[in-house]
Structures are given as structure tokens and as C-alpha cells.
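Participant: Note that the sequence shown covers residues 3 to 272 in the working numbering.
Note that the Cβ used here is the ideal one computed from N, Cα and C, for glycine as well.
In this text, all values refer to a predicted model and were calculated from it rather than measured experimentally.
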Amino acid sequence: HNLNVRREKGFMAINCGALPESILESELFGHEKGAFTGAVKQKYGLIEQAEGGTLFLDEIEEMSSALQVKLLRAIQEREVLRVGGDRPIKVDFRLVAATNVDLRERMEEEAFRADLFYRLSVVTVDLPLLRDRPGDIPLLAEHFARLLAERSGKEVRGIAPEAMQVLQGYRWPGNVRELENAVEQAMVLSRGIRIEVGDLPKHLEAPVPQVEGEEFQRLPFRQAREAFERRYFEAALARANGVVAEAARTVGMPRQYFYEKMKRYGISRE
Numbered sequence: 003h004n005l006n007v008r009r010e011k012g013f014m015a016i017n018c019g020a021l022p023e024s025i026l027e028s029e030l031f032g033h034e035k036g037a038f039t040g041a042v043k044q045k046y047g048l049i050e051q052a053e054g055g056t057l058f059l060d061e062i063e064e065m066s067s068a069l070q071v072k073l074l075r076a077i078q079e080r081e082v083l084r085v086g087g088d089r090p091i092k093v094d095f096r097l098v099a100a101t102n103v104d105l106r107e108r109m110e111e112e113a114f115r116a117d118l119f120y121r122l123s124v125v126t127v128d129l130p131l132l133r134d135r136p137g138d139i140p141l142l143a144e145h146f147a148r149l150l151a152e153r154s155g156k157e158v159r160g161i162a163p164e165a166m167q168v169l170q171g172y173r174w175p176g177n178v179r180e181l182e183n184a185v186e187q188a189m190v191l192s193r194g195i196r197i198e199v200g201d202l203p204k205h206l207e208a209p210v211p212q213v214e215g216e217e218f219q220r221l222p223f224r225q226a227r228e229a230f231e232r233r234y235f236e237a238a239l240a241r242a243n244g245v246v247a248e249a250a251r252t253v254g255m256p257r258q259y260f261y262e263k264m265k266r267y268g269i270s271r272e
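#1: In whole angstroms, what is the alpha-carbon distance linking P90 and K156?
#2: Per the contact definition of three or more C-beta pairs closer than 8 Å, is the segment 198-207 in contact with the segment 168-180?
#3: By how many angstroms is the C-alpha of Y267 removed from the C-alpha of I77?
#4: Give the secondary structure of V210 by DSSP, where H, G and I count as helix, E and B as strand, and everything else as coil.
#5: Is A184 near D201, with beta carbons less than 7 Å apart?
#6: Mind checking whether I49 and C18 have CB atoms under 7 Å apart?
#7: Compare the C-alpha of R271 against each of L57, E110, V245 and M14 and name the closest.
#8: Quick check: the Cα distance between M264 and R135, rounded to an integer number of angstroms?
#9: State the DSSP-derived secondary structure class of M255, mapped to helix, strand or coil.
#10: Apply the 10 Å Cβ neighbour rule to E79 and answer buried if 16 or more other Cβ atoms are within range, or exposed otherwise.
#11: Return the residue from the list L150, L181, S66 and F13 that minimises the CA-CA distance to P22.
#12: Quick test of the definition: if touching needs 3 or more C-beta pairs under 8 Å, does the segment 144-162 touch the segment 228-242?
#13: Any idea if T252 is buried or exposed, counting beta-carbon neighbours within 10 angstroms, 16 or more meaning buried?
#14: Please state if the CB of M109 and the CB of A116 are separated by a distance shorter than 7 Å.
#15: According to DSSP, is R233 part of a helix, a strand, or is it coil?
#16: Measuring only the C-alpha atoms, how far is Y261 from E10?
#17: What did DSSP end up calling K92 once you bin it into helix, strand or coil?
#18: Just the Cα atoms here: how many angstroms apart are I269 and L97?
#19: In the structure shown, what three-state DSSP assignment does I195 receive?
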């Protein structure tokens with residue numbers, strides 16, 4: 003945003019997975035006075051507030067189909083309709099969206115609108131998985147350790163080499179967010195001046211399901227992928243002791259999507 007010609011205008015951001023649908027709609031599109039109980043005055047939505055600037059939508063995969071339709075209209079027609087309003091309002095904004103799931107796969111499963119997907123895909127930036135850039139793990143882990151030590155007031159000054167080896171040996175299905183959560187948990191448990199192996203979450207040392215081998219090589223691609231996904235989600239749920247919210251968080255996936263995978267593969271919490 004700061005390097006764009008719109009930098010002099012506003013930058014508005016919101017996490018689509020952090021709010022219920024009705025509140026998210028009001029936050030994005032605004033509402034008129036009396037539109038619903040508690041709407042005691044008119045409210046400008048984030049799209050209007052981003053006029054001439056940039057709107058950033060994080061975890062856009064969490065947006066409901068109904069709101070996806072409204073967002074698509076805002077992009078295509080360059081206008082919004084506030085909740086309870088009857089007059090379209092012209093808008094001019096740049097939209098940037100982020101997701102930690104494969105939106106094309108969600109689209110193919112009819113969990114994300116194809117028309118909105120193609121509107122958003124004009125320019126895409128793919129971030130490599132954390133496991134594909136292991137050299138970043140020590141830098142990120144030490145960075146999180148410093149930040150968390152400052153916030154908590156602890157005198158933890160780094161991460162022991164043995165603990166760092168564990169961090170670098172893990173595959174991080176939840177990417178940077180999972181790494182930060184692991185360091186934060188270790189910081190809470192740490193009683194010394196460094197984070198030790200014993201402070202790390204136990205599942206980091208657990209074996210990761212492998213898909214190599216004759217069993218998978220003999221299967222058609224679709225069946226092999228389904229077999230892997232079933233094992234992957236079963237393992238994530240087992241590490242989280244059956245707590246779906248925790249399992250979804252550690253793999254960097256919306257809880258609703260994790261439930262969908264459980265239902266698809268007949269995975270139980272036990």
C-alpha cells in the first residue's frame with residue numbers, strides 16, 4: 003500500500019473469519035440508521051472508508067456465499083448498498099485478499115464462488131510453505147521468541163540448539179502461524195533463560211505421516227490424494243486430542259473446512 007499511488011488514501015483491513023456474518027456485512031458495507039436493532043446511527047462501511055485507498059480482507063475463504071455476492075458486485079459495479087439502504091453508493095478502492103487454503107480447490111468443491119475467485123485472481127502472490135524454506139525457521143523462531151519475551155516480561159534470551167533442531171525437523175503444516183504458536187507455548191512453559199526441547203509442544207517430535215511407498219504409487223492420483231488427506235487430518239486431530247478447533251488452528255485451516263474434511267472422510271474425534 004505504501005508503495006502504491008493510493009498510499010495517500012486509507013488502508014482498511016479486516017479478518018473475515020473473526021466476525022459473525024451479520025456483523026461482517028455491516029463492517030464491510032455499512033448500515034443505515036434503524037436498519038436493525040442497535041443501529042442508532044448511520045455507519046460507513048470499510049469499503050467506503052477505503053475510498054481511493056486499499057481494503058485488505060484476510061481469511062477471505064471464511065466469507066459466506068451471500069457476502070461473496072455482495073463483494074463481487076462492489077468489485078464489478080464499483081458500488082455498495084448499505085444494510086437497510088436503498089441507494090447504491092459509488093466507491094473506488096483497491097482490494098487485496100489473503101487466504102491460507104487453496105481457493106481453487108474450494109471453488110471446485112463449490113465452497114467458494116467461481117466468479118469471485120476469478121475476479122480476485124488477476125494478480126496472485128504465492129508464498130512458499132515454511133517447510134520449503136527451512137532456512138527461515140531459525141530467523142522466525144528467534145524473532146518470535148524476542149517479541150514474546152518482551153510482551154511477557156520473561157528473561158528468555160533465545161532457543162537452545164537442540165530445540166532449534168526439532169523446529170527445523172518439523173514440517174509445519176500450519177506454516178508461520180503454527181511456528182509462532184509453538185514458540186509462544188514454549189515461552190509459557192520455559193523456566194530458564196533459553197527455550198529447551200522439553201518446553202516445545204510434544205507433537206513437534208511426533209512422526210509425520212508419509213505418502214511414499216508402493217501403497218500410494220499403485221493408486222490413481224485422486225485416490226492417493228484422498229488417502230493422504232484422510233491420514234493427514236486423522237493425525238492432526240490426534241495431536242490435538244480430538245479438539246477440532248485446535249487441530250484446525252495448528253494446520254492453518256478454518257474450523258468449518260476442517261469439519262467438512264472430517265465429514266467427507268468419516269473421521270471421528272475419538
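Facilitator: Checking against the coordinates, here is how it stands:
#1: Approximately 53 Å, taken between the alpha carbons.
#2: yes
#3: 36 Å
#4: Low per-residue confidence applies at V210: pLDDT is 49, beneath 50, and the placement is therefore not dependable enough to give any value.
#5: D201 sits away from A184, with the two beta carbons spaced by 7 Å or more.
#6: no
#7: V245
#8: 29 Å
#9: coil
#10: exposed
#11: S66
#12: no
#13: buried
#14: Taking 7 Å as the Cβ cut-off, A116 and M109 qualify as a contacting pair.
#15: Under the three-state reduction of DSSP, R233 is assigned to helix.
#16: 42 Å
#17: strand
#18: 37 Å
#19: coil
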